[in-house]
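Residue numbers for the sequence shown follow my numbering, beginning at 991 and rising by one. What follows is one structure encoded as structure tokens, with my remarks underneath.
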Amino acid sequence: MRQKRAKAYRKLMAQYERAFGFRHPYQVLVNADFCEMGIQLKMDLMKELETVLQSKVKPMITQCCISTLYKLGPAGQRIVDLAKTFERRRCGHLETPLEPDECMLTVVGAGNKHRYVVATQSENLRRKMREVEGVPIVALNRAVMVLEMMSEKSKGKIRAMEEQQLAASKEEVAALRPALKAAIKATEGDKPPPAPLVRKKKPKAPNPLSVRKKKPKPVPQAKPPVPRVEPVVNLGKRSRDEGEDEDAGGQDGVEHAEGKRKRKRRKKHQPGGDTERAIAVGEQEDGSD
């Protein structure tokens, strides 16, 4: 059996355990036609039942089904031998045996009190078993043993049980009843609540970033003028030859450069000039005396 189908069967039987109280090992009520089909397909029914139901099983057969198999004669001896390996289930129809389908219906009953798993090939019996709550059905389909999905009757029972668990109990309802009556009396004289105010949608303000004034671009500041450095004039002593050359050149340069300052001509030093001037001054002073 494939892993996906085995997982689905395991979950299905877990639902039967939680909702309807099935327990291990599962009691499997086998019909006569199921035994007959198993012999024809050369199938180990005990092993296949344990594989499908994912647990140990206890196969059972009624006295009415055994009586039906005896009627097959020598050709059905192998089927009878297989049925004898199963546990015998008393049905109370020993004196007047019933048909296998009717016998199994009476054994299962209206509520499947004993938690049987029904294994049958009869379509009529399977249809009637679907009307009973909490009855897993096993059948052979093309040499493959299958477990039918849960019937709608069983699903409805599970839903009703879940709703009942969620609903308040009688004790809770009795405890809440006085408070409910007081709340009803308090609201009888009150005015109906005002209708809620419906706020009108106002136009939305524009995006503040879109209406923001643009900042003026900063004006580049002019750089301060760099002071011009004039060449330093050498005012040191000059040689005699340089002075004569400058004096001679100065006269010629006046004509060409109008705004140029004239240089003052330096008098040449004459040897003995100071001594003669002092003698002359002394003679003048003596004459005046």
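Virtual Cβ for every residue (Gly too), placed ideally from N, Cα, C. Here the structure is a predicted model, which is why all the values come from computation and not from measurement.
Under a Cβ-count criterion, where at least 16 other Cβ atoms within 10 Å of its own Cβ denotes burial, should residue i be classed as buried or exposed?
i     : result
Y1106 : buried
V1209 : exposed
M1003 : buried
I1127 : buried
A1247 : Legend: pLDDT at A1247 = 48, less than 50; position of this residue unreliable, value from coordinates given subsequently. A1247 should be labelled exposed.
R1116 : buried
T1058 : buried
D1034 : exposed
Y1006 : buried
S1200 : exposed
V1042 : buried
L1137 : buried
G1066 : buried
Nearest CA to the CA of residue i: which residue from the options?
i     : options                    : result
Q1044 : R1013, P1090, S1112        : R1013
V1070 : L1095, D1091, L1084, N1021 : N1021
E1038 : V1163, K1203, M1135        : M1135
R1068 : K1032, S1141, L1137        : K1032
T1075 : I1051, V1125, E1162        : I1051
K1103 : L1137, L1072, G1011        : G1011
V1018 : V1216, E1153, A1073, A1195 : A1073
Y999  : E1040, Q1111, E1026        : E1040
Y1016 : K1213, A1109, S1144        : A1109
V1098 : G1124, K1143, E1220        : G1124
Y1060 : M1036, C1025, M1094, C1081 : C1025
If you drop the 5 nearest sequence neighbours on each side, which residues of the same chain put their C-beta closer than 6 Å to that of residue i?
i     : result
L1088 : C1054
G1120 : As written in the sequence, residue 1120 is Arg, which differs from the Gly given in the question. Here the set comprises S1141.
L1187 : none
A1009 : I1148
R1079 : M1050, T1052
Distance check for residue j and residue i, CA to CA, integer angstroms please.
i     : j     : result
I1056 : G1028 : 15 Å
A1157 : V1122 : 25 Å
R995  : V1047 : 19 Å
A1185 : K1160 : 37 Å
P1198 : K1205 : 15 Å
L1130 : E1162 : 50 Å
L1062 : R992  : 36 Å
A1172 : K1191 : 41 Å
T934  : T1096 : Because the chain spans 991 through 1279 in this model, residue 934 falls outside it and cannot be assessed.
E1077 : Q1155 : 38 Å
S1112 : C1093 : 13 Å
K1118 : G1082 : 21 Å
M1036 : S1144 : 26 Å
D1023 : K1001 : 28 Å
A1195 : K1207 : 28 Å
A1212 : P1193 : 49 Å
P1064 : M1139 : 37 Å
Suppose the cutoff is 8 Å on Cβ atoms and the five residues either side in sequence are ignored; what does the same chain contact list for residue i look like?
i     : result
L1170 : none
K1203 : none
A1100 : V1122
N1114 : D1091
M1151 : A1009
T1177 : none
Among the residues of its own chain, which have a CB less than 7 Å from the CB of residue i, if the five just before and after it don't count?
i     : result
R1167 : none
A1133 : L1031
L1084 : Q1053
Is there a C-beta anywhere in chain C that falls below 8 Å from the one on residue i?
i     : result
K1205 : Reference to chain C is not applicable here, since this structure consists of a single protein chain.
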